[in-house]
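Here the structure is laid out as structure tokens; the discussion comes afterwards.
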Amino acid sequence: MSTLKIAIQKSGRLNEESIQILKDCGISIDNGNDQLKAEATNFPLEVLFLRNSDIPQYLIDGVVDAAIVGDNLLVEKGKGIQIAQKLGFSKCKVSVAVPKAFEYNSINDLNGLRIATSYPNTVTDYFNSFGLSVDIHQISGSVEIAPNIGLADAIVDIVSSGSTLFKNNLKEVEIILKSEAVLAVSPKINPENQKLIDTLKFRIESVLRARKSRYILMNIPNDKIKDVGKILPVLRSLTVLPLAQEGWSSVHSVIDKDTFWDVIDQLKDVGAEGILVCPIEKMVL
């Protein structure tokens, strides 16, 4: 049987969340400390722990079949690599930041300036799209200190909370792109391993769908069931079970976790009682 080789970041938050989503997909991985490779015990999959910046080239060369990586890195180093699934975690922005004292009105104010970044291709493409030219200083790590030591007039870097910019007396002025973790696939993947990717993608979709949803059940007077049906988004139709108390039923459905408080208020208004909201482990459609 063929084995699917998948690369993930060697360390950091993306590493932890990548391992977690694989485990949530029912894939058992024995990933001890400082391992460079680990095999799944119940799925034909081998994980390679690599430096983040090296992963796009491994995909291009076909050394790995797939990777969990930030799509900002694919924009920089892996154009043309197929994204099989967006994963919804490790969200960030690639942004332009300048010193707080810089009087910024439009992107034209950056024309001809020195910009420090770890994303030279992304920066070049972005400013070219506006017909502007900048002097790129490519550095890795501690990009945010470049303006303070006189190396650059501005920076382009990853921004998550913005706290690093604040600490270095910088302000965000342009967002080049928004990024999140994705499941990327090598252009050289063989048909047999493509089937394994399809299986993995199906499992990931079930996990992500469950993360966004909550299972809800409540008691409702029978004459209000239609009103509940108008409020609740349902997969096909409400599940309705009669209660021992005449005239009442237990109604079950699924709701979006980000809106369930508003939904619950509406359900209470139509007479719902004993409302329970529970997490969902997997959601297969």
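For the sequence shown, the tail end lands on 288 under this note's numbering, and the numbers increase by one without skipping. In this text, a Cβ means the ideal position worked out from N, Cα and C, and glycines have one as well.
State the beta-bridge partners of residue i as determined by DSSP.
i: Q85; result: V188
i: T120; result: Q141, V159
i: N222; result: S253, E276
i: L244; result: S253
i: S98; result: D160, I178
i: L217; result: A quick correction: the sequence has Arg, not Leu, at residue 217. Answer is I258, P282, bridged to R217.
i: I32; result: A43
Measuring alpha carbon to alpha carbon, tell me which residue in the options is nearest residue i.
i: V243; options: I258, V159, I223; result: I223
i: N162; options: L180, L203, V257, I142; result: Asn is not the amino acid found at residue 162; the sequence shown has Val there. Of L180, L203, V257, I142, the residue nearest in Cα terms is L180.
i: V176; options: G274, A157, K170, A187; result: A157
i: G134; options: A149, D112, P150, R239; result: D112
i: S216; options: G91, T262, S5, V66; result: T262
i: T44; options: D37, S166, I30, Q38; result: I30
i: I267; options: M221, K40, R16, Y107; result: M221
i: A132; options: N55, I110, A247, S240; result: Residue identity check: residue 132 is Ser in the sequence provided, not Ala. Comparing Cα positions, the closest option is I110.
i: A41; options: G73, K8, A104; result: K8
i: E49; options: K229, V66, H140; result: V66
i: P102; options: N151, E284, W264; result: N151
i: R239; options: Q269, K229, L288, L270; result: L288
i: K204; options: D33, Q60, K89; result: K89
i: P236; options: V210, D265, Q60; result: D265
So the beta strand (DSSP E) residue i belongs to, where does it begin and stop?
i: F52; result: 48–53
i: I9; result: 7–12
i: E19; result: Counting along the chain, E19 falls outside any beta strand (DSSP E), though it belongs to the alpha helix (DSSP H) covering 16–27.
i: K181; result: 173–182
i: E42; result: 40–42
i: G73; result: 69–73
Excluding sequence positions up to five away, which residues of its chain have a Cβ less than 6 Å from the Cβ of residue i?
i: D160; result: V146
i: S21; result: I11, I71
i: R212; result: M286
i: N75; result: V97, S182
i: P245; result: S252
i: Y129; result: I179
i: C95; result: I161, S163, S182
i: R206; result: C28
i: D138; result: R117
i: Q141; result: P123
i: L241; result: G232, V254, S256
So residue i is in the alpha helix (DSSP H); what residue range does that whole segment cover?
i: L168; result: 166–170
i: T202; result: 194–214
i: I234; result: 228–234
i: I58; result: 58–64
Residue j and residue i - do their beta-carbons sit closer together than 7 Å?
i: D68; j: S189; result: yes
i: A119; j: L154; result: yes
i: A87; j: L25; result: no
i: L51; j: I84; result: no
i: G277; j: K227; result: no
i: L53; j: K80; result: no
i: A100; j: L199; result: no
i: T125; j: V78; result: yes
i: I219; j: V280; result: yes
i: V257; j: V231; result: no
i: F105; j: A184; result: no
i: S5; j: N171; result: no
Leaving aside the five residues before and after residue i along the sequence, list all residues of the same chain whose C-beta is less than 7 Å from its C-beta, in chain order.
i: G165; result: E175
i: E1; result: Since the displayed the chain opens at 4 and closes at 288, residue 1 lies outside it and no answer follows.
i: G250; result: P224, N225
i: Y107; result: V101, V176
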